[in-house]
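Number of protein chains: 2
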Amino acid sequence: MNIYEIAELAGVSIATVSRVINDSPLVSEKTKLRVRRVMEENDYTPNVFARGLGLNSMKTIGLVCPDVADNYMARAVACLERDLREYGYNCILYCSGYAWEDRRIAVRTILQKRIDALVVIGSSYADDDPDAERVEYIREAAKQVPVFLINGYIRGENIFCALCSDYEAAYSAASELLRSGRRKILFLSDSHSYSANQKRSGYEAALREAGVPVREDLVIYTRNRIDSVRDLLLEMPQLDADAVFATEDGLAAGVLKYAKRRGAAVPKDLAIIGYNNSELAVCCDPELSSVDSRVDRLCKIVIDSLKLRLNGKPVNDRVYVKGCLIRRMTTDF
Amino acid sequence: MNIYEIAELAGVSIATVSRVINDSPLVSEKTKLRVRRVMEENDYTPNVFARGLGLNSMKTIGLVCPDVADNYMARAVACLERDLREYGYNCILYCSGYAWEDRRIAVRTILQKRIDALVVIGSSYADDDPDAERVEYIREAAKQVPVFLINGYIRGENIFCALCSDYEAAYSAASELLRSGRRKILFLSDSHSYSANQKRSGYEAALREAGVPVREDLVIYTRNRIDSVRDLLLEMPQLDADAVFATEDGLAAGVLKYAKRRGAAVPKDLAIIGYNNSELAVCCDPELSSVDSRVDRLCKIVIDSLKLRLNGKPVNDRVYVKGCLIRRMTTDF
DNA sequence: GAAGCTCTTGTAAGCCCTTACAACCTGTTA
DNA sequence: TAACAGGTTGTAAGGGCTTACAAGAGCTTC
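Below you can see the structure in the form of structure tokens.
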């Protein structure tokens, strides 16, 4: 069943059928109705490939993220997919993994599908990255389609960034801990990504401002896995800290669990703040205080920009969203 | 840059270029090398739309699931996407939501993209469903492309199912609890889906077999949200149970948390078993015993079947995988 | 030296749409 | 009544690829 048969059955030309498909104002209402009825009766759907060829677009957006099994990215993907679909676009998903080379391949590969735009989630790039040239592939991609980064920042033609102001968020989280009298605040992170570095800077700024020296031994990196955190704490016979600021809820949840086992009272002996406000946070006992990095908000911003951009309108190339601390039970009141 | 230009530059016909693109054995190695070099030099990529038109396939698989933000489905999507990609296929994702009408629309919509196969995750359909006709759209879809169900069962031409044997898994989970002397086992579920019903049947069978009467007041349904569980427990001044079997880890985690708050010793006073062995389970304290429903295994099976099917080979239309109980700290040894 | 074979290449039709341009119809206007 | 405008429809030329079929090139064989 193709456009010719429909045209035949409706007694019109294929041009008219095509116009009906595209709801062109050039067709009279009467004809439209007739053609539509024939299409429905034969439940005809235009061939998207042919359509793609003609329009040079299949109304598809590429979504690249390191790992959808991560709750943060999953929420982003869910949000983006829904909204974009409602706007008439489908999403091709590509879980790249975290390695830079794999990310590069991901973008290159997905571009071959002739997507209309590319969204990269959790990219954590930055211009001031010491290895800045490793994000060059993003700029390459931007030559072909508009590129939207969620939580990554790269300056460039046709590149649009929506970021959580991690620096500020970390600053205020650390300040909160300082305000409640904590002086030995452990900074726990799982990566040296741009956003992790921003968090660290914010943390250090808050300490400095409060006149508290930044102690190298209180800045620790480990894998975001519960057993890594367990091992970490096992190796530290006595944890010389009265608070923890973790760059991921998973890390914070681990600290909470194993510190409690060790007999620490939370938050009295040890206050804890996580990051991302994931589903984990409310499952913890006591509930974990966490910085909400506002994925949904970031996604909305990206979607709005994307719509504007696809309509050829100008778009801000950088938007920051303030992260906000959700106070639960692992911090003082 | 199109196939004509490449042909021109390489001094061959477009047919030859096309054959090189498709790595046809009809082309001499010498010519292949030459054409390939020209393609690389101009970094040419064949237009997928035109290719799709010609081959009637864009090497794309449709992935429909109610909600990727759910850890179980996210793991499935991640696994499927990776393996299918390695096999040369990309995935179009569609998060349908749970409503039946929305699922129907999801499948109908995604089919229009002329995908080569459809994978439906967490469908929880069944032939013996009282509302069996509501899954008719799956059979409709199967007329167009092979359909693979993960954790759903519908008999039909071109429909292939991979399921966790929830009945058995639940049976053995309940048996485990009975073996350790529990007699008042609460069955806690968040849905009346096919697989939830299977779990309930398994649970009841175990009780009956042990000569323990099934108490209606110990079968409870509630939303899979931590606060729903909290409210549920609040409404039950004294929980007359010595064990809980929950159909989702989220529910189990909630019970664990609020039962502990109430002073119950776990597992001494209350043993708990969850389901799906999600990331939550190990974050709980004590770590949650949980039935591993083996998403990864199910995905592998689907992928293997899918490959066979796409090559026109015969495939089992139903494969069961045994769920297995992961014993952690919320059950006795 | 002609026939026949295999290997390789080219020609052209086809896949199913979109859309520029031409043409037609109807109703006004001068 | 002719010219014209506006609204509607049709014709035909793409768009970039695949592939059936034809054909040429280089061998071998008798």
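Sequence order for the protein chains is L and U. Position 215 of the first sequence, counted from 1, bears residue number 1672 in my numbering, the numbering being contiguous throughout. Position 259 of the second sequence, counted from 1, bears residue number 1716 in my numbering, the numbering being contiguous throughout. For glycine and all other residues, C-beta sits at the position ideal for the given N, C-alpha and C. Keep in mind the model is a prediction, meaning the values are calculated, not measured.
So, is the C-beta of L/Ala1619 closer than 7 Å to a C-beta in chain U?
no
Would you please state the rounded distance, in angstroms, between the beta carbons of L/Gly1554 and L/Lys1516? I believe it to be under 8 Å.
About 27 Å separates the two Cβ atoms, so there is no contact after all.
To be precise: take each residue of the segment 1538-1550 of chain U, compare its Cβ to all Cβ atoms of chain L, and keep it if any distance is under 9 Å. Which residues remain?
Glu1538, Arg1539, Arg1542, Asn1547, Cys1548, Ile1549 and Leu1550
I'd like to check one pair, L/Leu1520 with L/Val1592: are the Cβ atoms closer than 7 Å?
no
Bounding residues of the beta strand (DSSP E) (the contiguous stretch that carries L/Asn1681):
Counting along the chain, L/Asn1681 falls outside any beta strand (DSSP E), and DSSP gives it neither H nor E.
Where the segment 1558-1579 of chain U meets chain L: residues whose CB sits under 7 Å from a CB there
Gln1569, Lys1570 and Arg1571
Step through the CB atoms of chain L and report whether any lies within less than 7 Å of the CB of U/Lys1714.
yes
The segment 1499-1510 of chain U: positions lying closer than 9 Å to chain L by Cβ
Thr1502, Pro1503, Asn1504, Val1505, Phe1506, Ala1507, Arg1508, Gly1509 and Leu1510
By how many angstroms is the C-alpha of U/Asn1513 removed from the C-alpha of L/Thr1787?
57 Å
Just how far apart, CA to CA, sit U/Arg1784 and U/Lys1656?
18 Å
Taking CB distances under 7 Å as the criterion, tell me whether U/Leu1737 reaches chain L.
yes
Ignoring anything shorter than 4 residues or poking outside the segment 1681-1759 of chain U, list the alpha helix (DSSP H) runs there in chain order.
1683-1692, 1706-1718 and 1736-1740
Kindly confirm or deny that the segment 1637-1657 of chain U and the segment 1762-1769 of chain U touch, where touching means at least three C-beta pairs closer than 8 Å.
no
Counting C-beta neighbours from all protein chains within 10 Å, is the total for U/Asn1547 16 or more, i.e. buried, or is it exposed?
buried
Cutoff 6 Å; reference U/Val1676; Cβ partners in own chain excluding five residues on either side
Phe1644
Which of the three DSSP states, helix, strand or coil, is assigned to U/Ser1481?
coil
Burial state of L/Phe1790 (16 or more Cβ within 10 Å):
exposed
Going along chain U, which residues have a C-beta under 9 Å from L/Lys1717?
Asp1742
Contacts of U/Ile1729 in chain L (Cβ-Cβ under 9 Å):
Within 9 Å Cβ-Cβ: nothing; U/Ile1729 doesn't reach chain L, min ~13 Å.
Test: L/Cys1552 CB closer than 7 Å to a CB of chain U
yes
Looking at chain L, is there any beta carbon in it that lies within less than 7 Å of the beta carbon of U/Arg1639?
no
Under 7 Å between C-beta atoms of L/Asn1615 and L/Ala1626
no
From L/Pro1724, L/Ala1716 and L/Gly1711, pick the residue whose C-alpha is nearest to that of U/Ala1738; which is it?
L/Gly1711
U/Val1723 versus U/Val1669 - alpha carbon distance
22 Å
Closest residue to L/Ala1709 among L/Cys1740, L/Pro1694, L/Arg1751 and L/Arg1542 (Cα-Cα distance):
L/Cys1740
Counting only C-beta atoms, is U/Arg1532 closer than 7 Å to chain L at any point?
yes
Buried versus exposed call for L/Asp1527 [16 or more other C-beta atoms within 10 Å across all chains shown]
buried
Compare the Cα-Cα distances from L/Lys1714 to each of L/Glu1462, L/Ile1567, L/Asp1697 and L/Asp1688 and report the closest residue.
L/Asp1688
With three or more C-beta pairs closer than 8 Å as the rule, is the segment 1482-1493 of chain L touching the segment 1477-1489 of chain U?
no
Counted within 10 angstroms of its Cβ, other Cβ atoms place L/Asp1674 as buried (16 or more) or exposed:
exposed
Taking L/Leu1727 and L/Ala1698 to be in contact with their CB atoms under 8 Å, please state how far apart those CB atoms are, rounded to whole angstroms.
7 Å
7 Å Cβ cutoff, L/Ile1683 in contact with chain U:
yes
Given that U/Ala1535 touches chain L, what residues does it touch there, using C-beta distances under 8 Å?
Asp1524, Val1525, Ala1526 and Cys1552
So what's U/Val1564 in DSSP terms, helix, strand or just coil?
helix
Based on DSSP bridge pairs, tell me the residues matched to L/Leu1645.
L/Ile1677 and L/Ala1703
Within the 7 Å Cβ cut-off, does U/Ala1721 reach chain L?
no
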